[in-house]
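Novice:
2 protein chains.
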Amino acid sequence: MPSPLDATHDPHLQSWVASANLPDTDFPIQNLPFGIFQRSRSQPRIGIAIGDYIVDLSVCIQNGVLTDLPEAIKVACMATHLNPLMGLGQRAITTLRHQLSHLLEVATPPPDQEILVPMAEVHMLLPAQIGNYTDFYASIHHATNVGQLFRPDHPLLPNYKHIPIAYHGRASSIVVSHTPIHRPQGQQRPAASGEFPSFRPSQRLDYEGEVGLLVGRGNALGEPIPIHQAEEHLFGLCLVNDWSARDIQAWEYQPLGPFLGKSFATSLSPWVIPMAALAPFRCSPLQRSVDDPEPLPYLTENNNLSGINLTIEVWLSSAQMSQENISPIRLSQASFAQLYWTAAQMITHHTSNGCNLQPGDLLASGTVSGPTSETWGSLLEITHQGTTPIQLPTGEQRSFLADGDEVILRGYCESPNYRKIGFGDCRGKILSR
Amino acid sequence: MPSPLDATHDPHLQSWVASANLPDTDFPIQNLPFGIFQRSRSQPRIGIAIGDYIVDLSVCIQNGVLTDLPEAIKVACMATHLNPLMGLGQRAITTLRHQLSHLLEVATPPPDQEILVPMAEVHMLLPAQIGNYTDFYASIHHATNVGQLFRPDHPLLPNYKHIPIAYHGRASSIVVSHTPIHRPQGQQRPAASGEFPSFRPSQRLDYEGEVGLLVGRGNALGEPIPIHQAEEHLFGLCLVNDWSARDIQAWEYQPLGPFLGKSFATSLSPWVIPMAALAPFRCSPLQRSVDDPEPLPYLTENNNLSGINLTIEVWLSSAQMSQENISPIRLSQASFAQLYWTAAQMITHHTSNGCNLQPGDLLASGTVSGPTSETWGSLLEITHQGTTPIQLPTGEQRSFLADGDEVILRGYCESPNYRKIGFGDCRGKILSR
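Residue numbers (my numbering), protein chains in the order written: chain A, 2 to 434; chain B, 2 to 434.
#1: Got a sec: is the Cβ-Cβ distance from W252 of chain B to anything in chain A below 8 Å?
#2: Could you tell me the boundaries of the beta strand (DSSP E) in which P119 of chain A lies?
#3: Using only CA atoms, which one of B:L257, B:G262, B:L332 lies nearest to T384 of chain B?
#4: Looking at the strands, I want to know which residues DSSP matches up with I47 of chain B.
#5: Against chain A, does G170 of chain B count as a neighbour if the rule is that its beta carbon must be under 8 Å from one of theirs?
#6: What in chain A is Cβ-close to H82 of chain B, meaning under 7 Å?
#7: Could you give the DSSP three-state label for T267 of chain B: helix, strand or coil?
#8: Can you give me, in chain order, the residues of the stretch 261 to 275 of chain B that have a beta carbon less than 9 Å from any beta carbon in chain A?
#9: Evaluate S285 of chain B with the Cβ neighbour count: other Cβ atoms within 10 Å of its Cβ, from every protein chain shown; 16 or more gives buried, anything less gives exposed.
#10: Output the distance between the C-alpha atoms of H142 of chain A and L364 of chain B, rounded to the nearest integer angstrom.
#11: Short of 7 Å in beta carbon distance, which residues of its chain neighbour R184 of chain A, apart from the five on each side in sequence? Order them along the chain.
#12: Reducing DSSP to helix, strand and coil, say where N242 of chain A ends up.
#13: Taking the continuous beta strand (DSSP E) assigned at H124 of chain B, which residues delimit it?
#14: Strictly by DSSP, which residues pair up with K430 of chain A?
#15: Is any beta-carbon of chain A found at less than 8 Å from that of G361 of chain B?
#16: CB-CB under 6 Å to S379 of chain A, same chain, minus the five flanking residues each way: which ones, in chain order?
#17: Okay, do the stretch 177 to 197 of chain B and the stretch 312 to 321 of chain B touch, 3+ Cβ pairs below 8 Å being the bar?
#18: Taking buried to mean at least 16 other C-beta atoms within 10 Å of its own C-beta, is A73 of chain B buried or exposed?
#19: Could you round the C-beta distance between N57 of chain A and G48 of chain A to whole angstroms and report it? I think they count as a contact, below 8 Å.
#20: Taking P256 of chain A as the query, report the chain B residues whose CB atoms sit under 7 Å from its CB, ordered along the chain.
#21: When we look at the beta-carbon of T26 of chain A and count the other beta-carbons within 10 Å, is it buried (16 or more) or exposed?
#22: Are the beta-carbon atoms belonging to I409 of chain A and Q398 of chain A less than 8 Å from one another?
#23: At the 8 Å Cβ level, is A356 of chain A part of the contact set with chain B, yes or no?
#24: For the alpha helix (DSSP H) that contains G148 of chain A, what are its first and last residues?
#25: Can you tell which of A:F35, A:V291, A:V216, A:A221 has its C-alpha closest to the C-alpha of F424 of chain A?
#26: What three-state label does DSSP hand E224 of chain A in the structure shown?
#27: Are the C-beta atoms of N133 of chain B and some chain A residue less than 8 Å apart?
#28: For Q60 of chain B, which three-state DSSP category applies?
#29: Whose Cβ in chain B lies nearer than 9 Å to the Cβ of S173 of chain A?
#30: Relative to the C-alpha of Q188 of chain A, which residue among A:M347, A:A246, A:R428 is closest?
#31: Could I get the ranges of all uninterrupted beta strand (DSSP E) runs contained in the stretch 69 to 119 of chain B, with 3 residues as the minimum, in chain order?
#32: Report the rounded CA-to-CA distance for V241 of chain A versus P275 of chain A, giving the unit in angstroms.
#33: L261 of chain A and I249 of chain A - do their beta-carbons sit closer together than 8 Å?
#34: So the candidates are A:M125, A:N133, A:L300, A:Y138; which of them puts its Cα closest to the Cα of F200 of chain B?
#35: So that I know if they touch, is there some Cβ in chain B lying closer than 8 Å to that of I166 of chain A?
#36: Hey, could you find the ends of the beta strand (DSSP E) W316 of chain A is sitting in?
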């Protein structure tokens, strides 16, 4: 079940951190996302984004600015990654969130201690030690678009509407936003049958705009999570760029699925938006058509707010655009609510065979694409496998990514009666090989 | 390059641990594998198997029994898992191995300190924190057998002889030998088109007998490991049972590969045989046929001993056999040297796109099958997808695994002029759901 609405969501709430009250900030007091920051060479610490600042949780705990918290929460707040906090479950996060909201609101006098760090003075690290990474394929539009390229007559396979398709991804090569991406080399399909494959830098490097679900409390091996409890195991959301080398992937993926076409890098946005912050943006899930099969009972949700009204955008800047001070262009804008499978269905399906999830595990949605070309979340779809390149403002063309290109994912939640909240950027620039 | 032969491999070497000199022990003084053991509720510790005993490395270091070791090795020997030792690289392991061999040989007086723990008094844990698990498909016989079931006309896909096929597995559900295995539930293909899939306990539960490669020193993201350096990144080998629910796998695996059909459990043998111990058993890799393509340059080895003469066996005991005190029966016996791709080729291919390996990562070979039915490493192959069940001595039949069945993997290396070494068992028994 979604978290309840409470005082922390009050759209009129303002903070004594002035930049948090600006209309275009990603991080108003209604958001309060979690991340890991590092100031020069000091120990990584847990922080909460507020406007252009970060609340240093270690300083808050050490100096008694946040009191009245159970000891387990205090200890978890002092860790160098979010996993211990994630493992405490949602009630602990709600408790902490209420104290943070009170601490930062305009009616509370700022504490004597210096608890804020300017974002500009730190660099961000991965929010969690990600033990396992699973990538779903939850957008029916994306699955149809990709299927159409390979099987025009029956793009969607018979299992798609029954089972949330996913594969295991590589956890070691997950990097935080701003980490440069090495163009991968790899084997590419022979030009003709009987010839040899080539081995060279990928010519079809692509991005995939996805939403990441970070697991909170885990489950024991052999104990599936029922659908009505699934969201209790979800800590929060972030943005994921699942970089893909389409030429490497096309040659290697039969019969066991994607491997090196994906495992060279996956970028994550540094801030995790806790599920509690998303409460005002819950919505009904995708309306299925009358022809669509009902989900099997283990995937049937008794929750008409199982969707999340989250918009994800992909922006591109080429090296030349950057040199000429031309702003990035938006390539797509899609909604997480248009996925065929919900977050809860992904979690329950993942554990239905007894597989154990652990705090900090990443489940990504797969490319978030909608029904129209402005909503397609990869170049593979937008350029029809490279056959219809896009034009950049510099006159450059792109079928796939060029060296020096920077891809920027942005995400935000809007709702008429609530304060808009943002996810912060997920950026990555392609290095030549 | 394989480790050199040295005094630790002398076949005449005997130990003052009498059970290590018995002809049928897996753990003579020439082996000295690494594992993690726990005695009642004390801290997990690194141990070395010798006959029916375990050398407690912590005790050796603390009490000055092993001296003359660099500080980094001493610290790594005191850890609760093998990862720090793995990360030190092969020279450190060779140094440690020489001291252990000297300590335990019959000419050395046993130390005053009690450094041995009887194996019967401890339980074994996973040898490493396994950050990532990759499963290859390196047996051409297995790939052909499986392909034949689905594509009788062209069982082997065009990529197979060019590229070491693999997929990412689930690391969280890797368990140590003797951990019971919950029969997974899952979606199974509808009986007819247009009907619904069922959701029920797997009816086609299978094992896969595999060899596990545990990574030693890692590589940085973006820096591939050249083939001539690949084995320097290998710590050692163990046995892997990659349990597989064939019915779940068959319905879910298009288009992104195996997921829940595998992720419910993977069993590992507790002892890791370091590469140094395998030096006497190096052999030429599989002789390719004249029609087979040469591997691409990045996969071409300048090493005529890139194979390992390692035999892997699969044994089965049913609940009824166990009750009637009937010994397990052997289902297959195959050789790691018959794989189409070598350990070095797997490592180099895995990192060829820049993917980073980390100490403790697991690369499994995929099912080790040879050319004849006695060498097939899964029931899928032996029973031709369940159509030709095997007979057990009790009169029972098996197409796939029944509740209460125990699968036992065994591995060993033999060579005419050297002492045989064993891997210890990898066991798992099926629990009903």
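C-beta: ideal position from N, C-alpha, C; glycine also.
Computed from a predicted structure; not experimentally measured.
Specialist: Taking the definition as stated:
#1: Sequence index remark: in the second sequence, residue 252 of chain B carries index 251 (1-based). Yes, contact with chain A.
#2: Mapped onto the first sequence, residue 119 of chain A falls at position 118. From DSSP, the beta strand (DSSP E) with P119 of chain A extends over 117 to 119.
#3: As a first step, residue 384 of chain B is located in the second sequence; it is residue number 383 there, counting from the start. The candidate whose alpha carbon is nearest that of T384 of chain B is B:L332.
#4: The residue labelled residue 47 of chain B in the question sits at position 46 within the second sequence. DSSP output for I47 of chain B lists B:I37 as bridge partner(s).
#5: For the purposes of this step, residue 170 of chain B is taken as residue 169 along the second sequence, with counting starting at 1. Closer than 8 Å: yes.
#6: Sequence index remark: in the second sequence, residue 82 of chain B carries index 81 (1-based). Simply none; closest approach about 14 Å.
#7: Here residue 267 of chain B refers to the residue found at position 266 of the second sequence. Strand at T267 of chain B.
#8: L261, G262, K263, S264, F265, A266
#9: In the second sequence, counting from the first residue as 1, residue 285 of chain B sits at position 284. Classification of S285 of chain B: exposed, given that the 10 Å Cβ count is below 16.
#10: Within the first sequence, the letter at position 141 stands for residue 142 of chain A. Within the second sequence, the letter at position 363 stands for residue 364 of chain B. Between H142 of chain A and L364 of chain B, the C-alpha separation is close to 34 Å.
#11: Translated into positions along the first sequence, residue 184 of chain A becomes position 183. The residues are P202, S203, L206, D404, I431, L432, S433, R434.
#12: Here residue 242 of chain A is taken as the residue at index 241 of the first sequence, counted from 1. Looking at N242 of chain A - three-state DSSP - the assignment turns out to be strand.
#13: Here residue 124 of chain B is taken as the residue at index 123 of the second sequence, counted from 1. 124 to 126 is the span of the beta strand (DSSP E), which, as asked, contains H124 of chain B.
#14: By 1-based counting over the first sequence, the position of residue 430 of chain A is 429. K430 of chain A pairs with A:E407.
#15: The residue given as residue 361 of chain B occupies position 360 in the second sequence. It does not: the Cβ of G361 of chain B has no partner Cβ on chain A nearer than 8 Å.
#16: For the purposes of this step, residue 379 of chain A is taken as residue 378 along the first sequence, with counting starting at 1. If we look at S379 of chain A and ignore the five residues flanking it on each side, its Cβ neighbours are D207, E209, T368.
#17: no
#18: The count along the second sequence starts at 1 and reaches residue 73 of chain B at position 72. It counts as exposed.
#19: By one-based count along the first sequence, residue 57 of chain A stands at place 56. By one-based count along the first sequence, residue 48 of chain A stands at place 47. Position check: residue 57 of chain A holds Asp in this sequence, whereas Asn was assumed. D57 of chain A to G48 of chain A, Cβ: 6 Å. Contact.
#20: Within the first sequence, residue 256 of chain A is the residue found at index 255, counting from 1. Chain B residues near P256 of chain A: L158.
#21: Translated into positions along the first sequence, residue 26 of chain A becomes position 25. With 16 or more other Cβ atoms within 10 Å, it is buried.
#22: Against the first sequence, residue 409 of chain A aligns to sequence position 408. Against the first sequence, residue 398 of chain A aligns to sequence position 397. Cβ atoms of I409 of chain A and Q398 of chain A: not closer than 8 Å.
#23: Within the first sequence, numbered from 1, the residue matching residue 356 of chain A stands at position 355. It should be pointed out that residue 356 of chain A corresponds to Cys in this sequence rather than to Ala. Taking Cβ atoms only, chain B reaches closer than 8 Å to C356 of chain A, which makes this a yes.
#24: Working through the first sequence from its first residue, we reach residue 148 of chain A at position 147. Per DSSP, G148 of chain A belongs to the alpha helix (DSSP H) from 141 to 151.
#25: Translated into positions along the first sequence, residue 424 of chain A becomes position 423. Considering only alpha carbons, the answer is A:F35.
#26: Translated into positions along the first sequence, residue 224 of chain A becomes position 223. Residue state, collapsed to three classes: coil.
#27: Within the second sequence, the letter at position 132 stands for residue 133 of chain B. Chain A, which has a Cβ nearer than 8 Å to the Cβ of N133 of chain B, makes this yes.
#28: By one-based count along the second sequence, residue 60 of chain B stands at place 59. According to the sequence displayed, residue 60 of chain B carries Val and not Gln. In this structure, V60 of chain B counts as helix in the three-state DSSP scheme.
#29: As a working note, residue 173 of chain A is residue 172 in the first sequence. Neighbours of S173 of chain A on chain B, chain order: G132, N133, G219, L222, C356, N357, L358, Q359, D362.
#30: As a first step, residue 188 of chain A must be located in the first sequence, where it is residue number 187. For Q188 of chain A, the nearest C-alpha among the options comes from A:A246.
#31: 117 to 119
#32: One-based indexing of the first sequence puts residue 241 of chain A at position 240. One-based indexing of the first sequence puts residue 275 of chain A at position 274. Near 16 Å, if we compare the C-alpha coordinates of P275 of chain A and V241 of chain A.
#33: Against the first sequence, residue 249 of chain A aligns to sequence position 248. Against the first sequence, residue 261 of chain A aligns to sequence position 260. Yes; because the gap between Cβ atoms is below 8 Å, this pair is in contact.
#34: For the purposes of this step, residue 200 of chain B is taken as residue 199 along the second sequence, with counting starting at 1. Considering only alpha carbons, the answer is A:L300.
#35: By one-based count along the first sequence, residue 166 of chain A stands at place 165. So yes, I166 of chain A belongs to the interface.
#36: Residue numbering aside, residue 316 of chain A sits at position 315 when the first sequence is read from its first letter. Here the beta strand (DSSP E) through W316 of chain A covers 311 to 318.
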